[in-house]
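K.L.:
Below: one structure in structure tokens.
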Amino acid sequence: MKKLFLMGRSEAGKTTLSQVLQGEEIHYEKTQVTSAGEHFIDTPGEYAESKQFSVGLACFSFEADVVAIVQAADEPYSLFGPSLQSCILRPLIGIITKTDSPYANVPMIRQWMINAGCERIFEVNNLTREGASELLEYLKEDLPKISMEELKRRQRLGLSEWNR
Ligand SMILES: Nc1nc2c(ncn2[C@@H]2O[C@H](COP(=O)(O)OP(=O)(O)O)[C@@H](O)[C@H]2O)c(=O)[nH]1
Ligand SMILES: [Mg+2]
Numbered sequence: 023m024k025k026l027f028l029m030g031r032s033e034a035g036k037t038t039l040s041q042v043l044q045g046e047e048i049h050y051e052k053t054q055v056t057s058a059g060e061h062f063i064d065t066p067g068e069y070a071e072s073k074q075f076s077v078g079l080a081c082f083s084f085e086a087d088v089v090a091i092v093q094a095a096d097e098p099y100s101l102f103g104p105s106l107q108s109c110i111l112r113p114l115i116g117i118i119t120k121t122d123s124p125y126a127n128v129p130m131i132r133q134w135m136i137n138a139g140c141e142r143i144f145e146v147n148n149l150t151r152e153g154a155s156e157l158l159e160y161l162k163e164d165l166p167k168i169s170m171e172e173l174k175r176r177q178r179l180g181l182s183e184w185n186r
């Protein structure tokens, strides 16, 4: 199973999503520090919201197999700029939460995620758990293992390590 790194603003639904993906009951818990479990790394929203703390995101992302931007469907602006993927050495995916919000604008969030370079985008309603199974299906597959020689060959060609 791929280890998932969750980053996004406070209240985006990261902690609830990690509870949903682990089959737990949903309970509110303020994320005070980065919490690294076996399959998930949950981060405080403040890390994504501040230039100083965002360094913490960069450090912890190296512990994961895949990095996810988590954005609620009703967020008014994006914290993540275009081409974000180019400075992350992991596959980047987007997860849109709160698709049930009356203010949801899923196409706009999708466009931000495409601009950031997300290779996959998932939509999840944490309250009904709708969409969680597609994400779990994606996470179930391990990333392909490659040799050091293959890694160097890909780096010379400017290819990513994980794409076949
Ligand atoms: N309506 C709705 N509320 C959600 C959803 N996901 C999370 N929430 C609520 O949003 C609030 C913040 O969620 P939380 O997971 O703590 O956000 P975090 O700061 O990103 O970890 C909580 O009150 C959750 O119950 C969702 O998909 N739909
Ligand atoms: Mg949290």
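Add 22 to a position in the sequence shown, counting from 1, and you land on the number used in our numbering.
All residues carry an ideal CB built from backbone N, CA and C; glycine is no exception.
When the distance is taken between beta carbons, is G139 closer than 7 angstroms to L101?
P.N.:
Cβ distance not < 7 angstroms, so L101 and G139 don't count as in contact.
K.L.:
Tell me the rounded alpha-carbon separation between D164 and E60.
P.N.:
The alpha-carbon atoms of D164 and E60 are separated by roughly 14 angstroms.
K.L.:
Can the beta-carbon of P113 be found less than 7 angstroms from the beta-carbon of V88?
P.N.:
Result yes, Cβ atoms of P113 and V88 sit closer than 7 angstroms.
K.L.:
Taking the C-alpha atoms as reference points, what is the distance between T38 and E68?
P.N.:
Approximately 16 angstroms between the Cα atoms of the pair.
K.L.:
Bridge partners of R142, per DSSP?
P.N.:
According to DSSP, which records beta bridges pairwise, R142 is partnered with I115.
K.L.:
Taking the alpha carbon of S76 as the point to measure from, which residue in N127, R186, G30 has its own alpha carbon closest?
P.N.:
For S76, the nearest C-alpha among the options comes from G30.
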